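Engineer:
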Amino acid sequence: MSELVREPGETTAERGEPGAASPEPGTGILRVFGRQMKLCRVRAGLERPEVGARTGYSPSTIAAYEQGRRIPPPRFIDAVDELLDAGGLLKEMKEEVARAQYPAFFRDAARLEAEAVELWVYGTHAVPGLLQTEEYMRAVFEMWRPLLDEETIQQRVAARLARQEVFARKPAPLVSFVIDESVLRRPLGGRAVMRGQMEQLLLVGAYRNVEIQVMPLDREDNAGVDGPFTVLHRDGDDQMAYLEAQGRSTIVAERTEVRGIVSRYGILRAQALTPRESLAYIEKSLEEL
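Counting from 0, one number per residue, gives the positions in the sequence shown under numbering that gives the first Met the number 0.
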């Protein structure tokens, strides 16, 4: 297949599984940002403790940012750019630095997702990341084996929450989800976490630009037996698809293959409960928790 981008990584971007590629501190844009920040600091005649005190961070954290070992948050980048009189040099890298918070395999997909005017998501193992509550996210990441350290969990949760800003964009993208019923029967994190997650589904499902559908387990036909996928459409571009399976993730751009995936999603929507029926099902499931 031509025009495919393949990256090793976790089995899915929406659930926590072993084998995921961590962000790559010390390389790429983080190292470039750190070097530029240090040059600006030295030029300004400031030591790390002073920069830390004036931005609200410890000297060790400032060192980690300069060495590319940690990912600086946007508010720090804004503050340090002004403090060091960098003239926007550091702010200019803010978007690329933000992308570094995702596992390497998911960064291109995250960019496409943020720019999409339409998103179609089929979820089969966990609630799709765009719909997850913070508590559900944390529960998912805490299940990883080998265990993730607390800093990595916080970073992954923050990155996933940032993705949900797609719902606040103007103009709002059209977003459709088909979620396998088994996902809603699997109380990841416990019943309290799942109750909050169900409430979140009802909340987001009420948005005018969002439709959530449930694929019942008793359906004799299911066009999605090959697994989860996402279809992305950017304004002025052809549709693309994002696939995940067994330690591999793929962005599909070849038109014939994308056309097949798009058709598959249309069939899934026809086989699933309607959006109204799905929200009623979620309400009933919430009452039973």
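Heads up, the beta-carbon is just placed ideally off N, CA and C, and yes, glycines get one too.
Keep in mind it's a predicted model, so treat the numbers as computed, not measured.
1) Contact between the segment 115 to 131 and the segment 223 to 232 is defined here as three or more beta-carbon pairs at a separation below 8 Å; is this criterion met?
2) Indicate the three-state DSSP secondary structure (helix, strand or coil) for Ile28 in the structure shown.
3) How would you label Ser21, buried or exposed, when you count the other beta carbons within 10 angstroms and need 16 or more for buried?
4) Under three-state DSSP, which class holds Ile61?
5) Is it right to say Leu202 is buried, meaning 16 or more other beta carbons lie within 10 angstroms of its own, or is it exposed?
6) Using three-state DSSP, classify Thr249 as helix, strand or coil.
7) Return yes when the Cβ of Ala109 is within less than 8 Å of the Cβ of Tyr101, no when it is not.
8) Report the three-state DSSP secondary structure of Gly122 (helix, strand or coil).
9) Using 8 Å for Cβ pairs, my map puts Thr272 next to Tyr280. What's the rounded Cβ distance?
10) Spatial neighbours of Val177 within its chain, please: C-beta separation below 7 Å, excluding the five flanking residues on both sides.
11) Could you name the residues of the same chain whose beta carbon sits closer than 6 Å to that of Pro71, not counting the 5 residues immediately before and after it, in chain order?
12) Once DSSP output is grouped into helix, strand and coil, what is the label at Asp80?
13) Any idea if Pro48 is buried or exposed, counting beta-carbon neighbours within 10 angstroms, 16 or more meaning buried?
14) Going by other Cβ atoms of all chains shown within 10 Å of its Cβ, with 16 needed for buried, is Gly25 buried or exposed?
15) With the cut-off set at 8 Å, would you say Leu111 and Met36 are in Cβ contact?
16) In angstroms, rounded to a whole number, what distance separates the CA positions of Met136 and Thr255?
17) Which value, in whole angstroms, describes the spacing of the CA atoms of Leu45 and Pro73?
18) Measuring only the C-alpha atoms, how far is Glu23 from Leu29?
19) List the endpoints of the continuous alpha helix (DSSP H) containing Leu183.
20) Along the chain, which unbroken stretches of the beta strand (DSSP E) at least 3 residues long are found entirely within the segment 196 to 235?
21) Out of Lys93, Leu183, Val156, which one is the CA nearest neighbour of Phe140?
22) Would you kindly work out how many angstroms separate the C-alpha atoms of Ser262 and Leu146, rounded to a whole number?
Structural biologist: By the coordinates alone:
1) yes
2) helix
3) Note on Ser21: pLDDT 39, under 50, position unreliable in the model; the coordinate value appears next. So Ser21 ends up on the exposed side.
4) helix
5) exposed
6) strand
7) yes
8) strand
9) It should be noted that the sequence gives Leu, not Thr, for residue 272. Correct: roughly 6 Å between the Cβ atoms.
10) Tyr121, Gln212, Met214, Leu267, Arg268, Ala271
11) Only Tyr64 meet the Cβ criterion.
12) helix
13) exposed
14) Because the pLDDT at Gly25 is just 43, under 50, the model does not fix this residue reliably, and the point stays unresolved.
15) no
16) 35 Å
17) If I take the Cα positions, the gap works out to 21 Å.
18) The pLDDT assigned to Glu23 is 46, lower than 50, so where the model puts this residue is not dependable; a value taken from the coordinates is nonetheless given after this. C-alpha of Glu23 to C-alpha of Leu29: approximately 8 Å in a straight line.
19) 180 to 184
20) Annotation: the segment 196 to 235 contains the following complete segments of the beta strand (DSSP E) (minimum length 3 residues), in chain order: 209 to 214, 228 to 233.
21) Val156
22) 39 Å
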